[in-house]
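2 protein chains.
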Amino acid sequence: MNIITQNLIGYSYSAEGTKTFSTFNPVDQSATPWVFKNATLSELKKATALAERAFFPYKSMSVARRAAFLRAIAKEILSLGEDLTRTYTMETGLPKGRAEGERGRTIGQLEAFATAIENGQYLQPIIDHADANRTPIPKVDLRKINEPIGPIAVFGASNFPLAYSTAGGDTASALATGCPVVVKAHPMHASTNALVTQAILKAAQDTKMPEGVFSCLYSNDYEIGSQLVQDPLIKGVGFTGSISGGTALFKLAQSREVPIPVFAEMGSVNPVVVLPEALNKNPTDWANAYAGSISLGSGQFCTNPGLIFCIQSPELDVFIHTLSEAFHQIAPTFMLHPSIHAAYEKDQAEFDALAKKVGSTSTQSPAIEGIGHGAIYQVDAKTFAANPRLHQEVFGPLSLIVVCKDVAELLPLIARLDGQLTGTILGSENDLQANETLVATLQNRVGRLIFNGVPTGVEVCAAMQHGGPFPASTDERFTAVGVKAMDRWLRPVSYQNWPDKLLPKALQNNNPLGLHRLINGTLIKD
Amino acid sequence: MNIITQNLIGYSYSAEGTKTFSTFNPVDQSATPWVFKNATLSELKKATALAERAFFPYKSMSVARRAAFLRAIAKEILSLGEDLTRTYTMETGLPKGRAEGERGRTIGQLEAFATAIENGQYLQPIIDHADANRTPIPKVDLRKINEPIGPIAVFGASNFPLAYSTAGGDTASALATGCPVVVKAHPMHASTNALVTQAILKAAQDTKMPEGVFSCLYSNDYEIGSQLVQDPLIKGVGFTGSISGGTALFKLAQSREVPIPVFAEMGSVNPVVVLPEALNKNPTDWANAYAGSISLGSGQFCTNPGLIFCIQSPELDVFIHTLSEAFHQIAPTFMLHPSIHAAYEKDQAEFDALAKKVGSTSTQSPAIEGIGHGAIYQVDAKTFAANPRLHQEVFGPLSLIVVCKDVAELLPLIARLDGQLTGTILGSENDLQANETLVATLQNRVGRLIFNGVPTGVEVCAAMQHGGPFPASTDERFTAVGVKAMDRWLRPVSYQNWPDKLLPKALQNNNPLGLHRLINGTLIKD
Chain A
1 MNIITQNLIG YSYSAEGTKT FSTFNPVDQS ATPWVFKNAT LSELKKATAL
51 AERAFFPYKS MSVARRAAFL RAIAKEILSL GEDLTRTYTM ETGLPKGRAE
101 GERGRTIGQL EAFATAIENG QYLQPIIDHA DANRTPIPKV DLRKINEPIG
151 PIAVFGASNF PLAYSTAGGD TASALATGCP VVVKAHPMHA STNALVTQAI
201 LKAAQDTKMP EGVFSCLYSN DYEIGSQLVQ DPLIKGVGFT GSISGGTALF
251 KLAQSREVPI PVFAEMGSVN PVVVLPEALN KNPTDWANAY AGSISLGSGQ
301 FCTNPGLIFC IQSPELDVFI HTLSEAFHQI APTFMLHPSI HAAYEKDQAE
351 FDALAKKVGS TSTQSPAIEG IGHGAIYQVD AKTFAANPRL HQEVFGPLSL
401 IVVCKDVAEL LPLIARLDGQ LTGTILGSEN DLQANETLVA TLQNRVGRLI
451 FNGVPTGVEV CAAMQHGGPF PASTDERFTA VGVKAMDRWL RPVSYQNWPD
501 KLLPKALQNN NPLGLHRLIN GTLIKD
Chain B
1001 MNIITQNLIG YSYSAEGTKT FSTFNPVDQS ATPWVFKNAT LSELKKATAL
1051 AERAFFPYKS MSVARRAAFL RAIAKEILSL GEDLTRTYTM ETGLPKGRAE
1101 GERGRTIGQL EAFATAIENG QYLQPIIDHA DANRTPIPKV DLRKINEPIG
1151 PIAVFGASNF PLAYSTAGGD TASALATGCP VVVKAHPMHA STNALVTQAI
1201 LKAAQDTKMP EGVFSCLYSN DYEIGSQLVQ DPLIKGVGFT GSISGGTALF
1251 KLAQSREVPI PVFAEMGSVN PVVVLPEALN KNPTDWANAY AGSISLGSGQ
1301 FCTNPGLIFC IQSPELDVFI HTLSEAFHQI APTFMLHPSI HAAYEKDQAE
1351 FDALAKKVGS TSTQSPAIEG IGHGAIYQVD AKTFAANPRL HQEVFGPLSL
1401 IVVCKDVAEL LPLIARLDGQ LTGTILGSEN DLQANETLVA TLQNRVGRLI
1451 FNGVPTGVEV CAAMQHGGPF PASTDERFTA VGVKAMDRWL RPVSYQNWPD
1501 KLLPKALQNN NPLGLHRLIN GTLIKD
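Those sequence lines, one after another, are chains A and B.
Taken in order, the first sequence gives residues 1 to 526; the numbers are from the numbering used here.
Taken in order, the second sequence gives residues 1001 to 1526; the numbers are from the numbering used here.
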């Protein structure tokens, strides 16, 4: 397996640095064979300079060529075959099926963005015609279209080595809009990243993209990431990870001489509200579904259900009992990295001190190093309200059941929740109608409302909102998933009295791209 | 004339503070008769608490009611009659025609936002249908719609006492989306603001809006504005003003425990590039047009043309000579306030030391206090490149001509410009085609490109982009003018597997609002 462990700066590999690191195999608890050198500031500066130089030629080329580039990346990733899935499982401890699924998602995203830019509607063309006869002042002709903002820095996620890393949603959405990308690879899966980088390099050269459209830097310390976010040539940042990491990058970006937008998709406890009729009908079905959702991928998902609010009832006891039993049938799995595992064990110890444990995944004998043991806790509403620690995300297979006497006791807990990616309601339509205020209150804290489902499983489509009030994300007005993720890297530009034939095609009178356009206030395709 | 000089907190007037101030009449150089008391922190807290309490009922009411509220505000502003225009001219030194024009614009904006929400397309509904048969995992039903983000703080602008202040674009766009508003009135035109506040209060009560949908605070120091931006109940900020003021509020908002979006429309020098064929054809026409644009409103516009880049030629001498002559025909006018006037005189003295003065407006004898004397300067490209002071905005009737030997000398000057609201090109279509790189470089620095026109005059329409790369504004992805200004205060929310009849109307299967919706990737109205 040929893994190139150097930084990719435009079309050249480079390893000027001296500090090295390797990734870790959580299954056999040993370092992987590949050694990476931390990027230097000089390598970073070369990468951003090439990205800036590539910006004009890249954004100016035809949409067909950009789409071909995205599809070539997808093809090259698939061509990596088992080398990729083997490296992925080696660096994460996740099963092969997950690697294949995530590869499929990554490829699907690249293809979806290619299709979206070919469709052209993302340009959001708006036209207001001139009116020379208007009094007291004639009206000018104005036409507006979306333009890419410039080179984007992308930080790979620890928990999605493919779909939210090197060629993941942030990179694909930025490249689609016409923005070059400089990736800071996640140090926990640098080798997976290296293979994907090789795929992108080949795709870029085969489709004759300008050098600098993509670069990739390695580092296992914070310095190079901080420098990247502060580089004046970088115009936006995509990040998926922890609240502390995302907030630190966000603050750096806002304290630049020229602040830039940062879209950081950070933590979430994804509250679930169990309304009375949910348990009347199928307490055991929901118990089984949630045992699976809490433990899925060793709980290492940003949509992991970490908080389950319930109303006291005899059926609730059945639900908790069944959830506990179903959870115990589940074999715990490896966590991504010793540092993540250690953090999880520390969090569990904190919960042990604050809440009653009512469920755990099965235990092996002898104990296996690196396994994340699932745990379900229970508290009453007062204890929950009094302990801010219990409101915070635990990254791992852990969930907390909060038992309230009634909806009146539940409501203020929901109102005081931090911002969340998702909020789920289990119940009947009657429950929804009878609890209008509760639903509105939950909606105000989340990006996505789910009825009778589990929050894990983030569908990639235009109607997906993945992003919520802070700290779920740094800008709730945008999404990290689905074609609307491109809006993060776009800005509108108006043309006033511009000659028709020199306008971008989407704005020309005869509508050569066949787009829906907002013309004088009416959305039409003509 | 009944001007209520107290803070409006929901439906009650309040004046707990002790520190007072009055506004200033620049024409007779004296204080106006009305005395305002600075708001206290306790008054501010009452205003934001009422705004939060009003948020749910206000955003949940029918669009027809919100639209009726906006139209009632417009009607009440018009009903203020000459009281309003007289107070406006008294506090600004601007002529009555300008007051009437700006009132018309303010009313037009309120009506345009009312129409836009009735139209409903701003909700941007997106639907992706379920597919129970998809393998390996069935697809869920997802539907996305825009929701208001919560109470917004609006800071009135010094130079637009009506159109970008109390009931101006920021307030109208926020109220339209369903966000309550707390205004921090600009202390230079508090009395104008007080009249408009009275109009909004009457409109809110007449249309039975929830108390707290609008409040207005007075202060002539920075403290109350800082507190407002840091108040946890405030979810977004609209600001029009100086780079220093906007940047300070932006930094405060980003350093909150929960950062919030700030849209600050700040400074701009609005570069104009004069290409050769512009002067071959009509040097005198452009000279006359620019003499007017530079001096319009005593140069106190964010789109005032402060930089004019030209290429050396015999025709250029004619242009500069004619511009100078035309400029001298113009009678200078009052500036808004002694502090603005003093800053302008200081800026002029700095330019006197760095550049050659080639034009000035006519002078009166005896000198009149408070008048802003127009000035046009000239430098060569090297001097311009070497003096960052010459790149910065001067708020007043001042413009700088930068003479370049050729386009090659001009290009790097454009590339290194700060972000701008507008960039203008004077020339022929041939000029545009022959200077593709120059046009692309200018476009990359601005929000609006103008061909053969002047930057002053900001049309209120959907295709207007008013906002540009920092420091023109704090987020170039949004506009402050036109119906798209609502996007600043909206966030998407997804509904997963939600019962059809309980979805927002815009997302229901039978499309009761008759909207264009993106359904399974296709934009249709069905």
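Glycine included, every Cβ here is placed at the ideal spot set by N, Cα and C.
Interface residues of chain A facing residue i [CB-CB closer than 8 Å]
i           : result
Trp-1498(B) : Leu-449 and Phe-451
Arg-1143(B) : Ala-463
Ile-1137(B) : Gly-457
Ile-1077(B) : In chain order: nothing, as chain A lies at least about 20 Å away.
Chain B within 8 Å of residue i, Cβ atoms only
i          : result
Ala-462(A) : yes
Thr-303(A) : no
Tyr-344(A) : no
Leu-432(A) : yes
Gln-443(A) : yes
Lys-208(A) : no
Ile-200(A) : no
Val-229(A) : no
Phe-56(A)  : yes
Phe-239(A) : no
Phe-470(A) : yes
Per DSSP, the bridge partner or partners of residue i
i           : result
Asn-25(A)   : Ser-30(A)
Ser-1012(B) : Ile-1009(B)
Ser-165(A)  : Answer is none; Ser-165(A) lacks a bridge partner.
Asp-1128(B) : Leu-1142(B)
Short CB-CB distance (under 8 Å) between residue i and chain A
i           : result
His-1516(B) : yes
Gly-1457(B) : yes
Glu-1265(B) : no
Ala-1440(B) : yes
Tyr-1013(B) : no
Tyr-1495(B) : yes
Val-1358(B) : no
Val-1258(B) : yes
Phe-1036(B) : no
Val-1140(B) : yes
Gln-1254(B) : yes
Supposed contact pair residue j and residue i - C-beta distance, whole angstroms, cut 8 Å
i           : j           : result
Leu-1228(B) : Val-1182(B) : 6 Å
Ile-1268(B) : Cys-1302(B) : Checking the sequence, you will find Ser at residue 1268(B) rather than Ile. Yes, they are in contact, since the Cβ atoms of Ser-1268(B) and Cys-1302(B) sit about 6 Å apart, within 8 Å.
Leu-354(A)  : Arg-389(A)  : 6 Å
Ser-219(A)  : Ala-15(A)   : Not really, about 12 Å apart at Cβ, beyond 8 Å.
Gly-1169(B) : Ala-1163(B) : 7 Å
Arg-1103(B) : Thr-1085(B) : 7 Å
Ala-1072(B) : Thr-1207(B) : 5 Å
Pro-180(A)  : Phe-327(A)  : Not confirmed; about 46 Å, so no contact.
Within chain B, partners of residue i - CB distance below 8 Å
i          : result
Asp-475(A) : Pro-1261
Asp-128(A) : Glu-1459, Cys-1461, Ala-1462, Ala-1463 and Met-1464
Within chain A, the residues that residue i reaches when beta carbons sit closer than 7 Å
i           : result
Tyr-1122(B) : What Tyr-1122(B) touches in chain A: nothing, since even the nearest Cβ is about 11 Å away.
Leu-1523(B) : Gln-121 and His-516
Chain-ordered neighbours of residue i on chain B, where CB pairs are closer than 7 Å
i          : result
Thr-479(A) : Pro-1492
Asp-214(A) : For the sequence presented, residue 214(A) should be read as Phe rather than Asp. Within 7 Å Cβ-Cβ: nothing; Phe-214(A) doesn't reach chain B, min ~20 Å.
Contact list for residue i against chain B, beta-carbon separation under 9 Å
i          : result
Glu-429(A) : Pro-1499, Lys-1501 and Leu-1502
Beta-carbon neighbours of residue i, restricted to chain A and to distances below 9 Å
i           : result
Lys-1505(B) : In chain order: nothing, as chain A lies at least about 15 Å away.
Ile-1149(B) : Pro-469, Glu-476 and Arg-477
Minimum length 4: unbroken alpha helix (DSSP H) runs contained in the segment 1409–1472 of chain B: Complete alpha helix (DSSP H) runs here, min 4: 1429–1434 and 1436–1443.
Runs of alpha helix (DSSP H) wholly within the segment 31–63 of chain A (minimum 4 residues, chain order): Qualifying alpha helix (DSSP H) stretches, in chain order: 41–60.
Any alpha helix (DSSP H) of 4 or more consecutive residues that is wholly inside the segment 1314–1366 of chain B: Whole alpha helix (DSSP H) segments, 4+ residues: 1314–1328 and 1338–1354.
Segments assigned beta strand (DSSP E), at least 3 residues, entirely inside the segment 227–283 of chain A: Counting only runs of 3+ residues, the beta strand (DSSP E) found wholly inside the segment 227–283 of chain A occupies 236–240, 262–265 and 271–274, in chain order.
Secondary structure, beta strand (DSSP E): runs of 3+ residues fully inside the segment 1498–1525 of chain B: As far as the segment 1498–1525 of chain B is concerned, its whole beta strand (DSSP E) runs of at least 3 residues are 1517–1519 and 1522–1524.
In chain order, each alpha helix (DSSP H) run of at least 4 residues that lies wholly inside the segment 144–229 of chain A: Segments of the alpha helix (DSSP H) lying fully in the segment 144–229 of chain A: 169–177 and 190–206.
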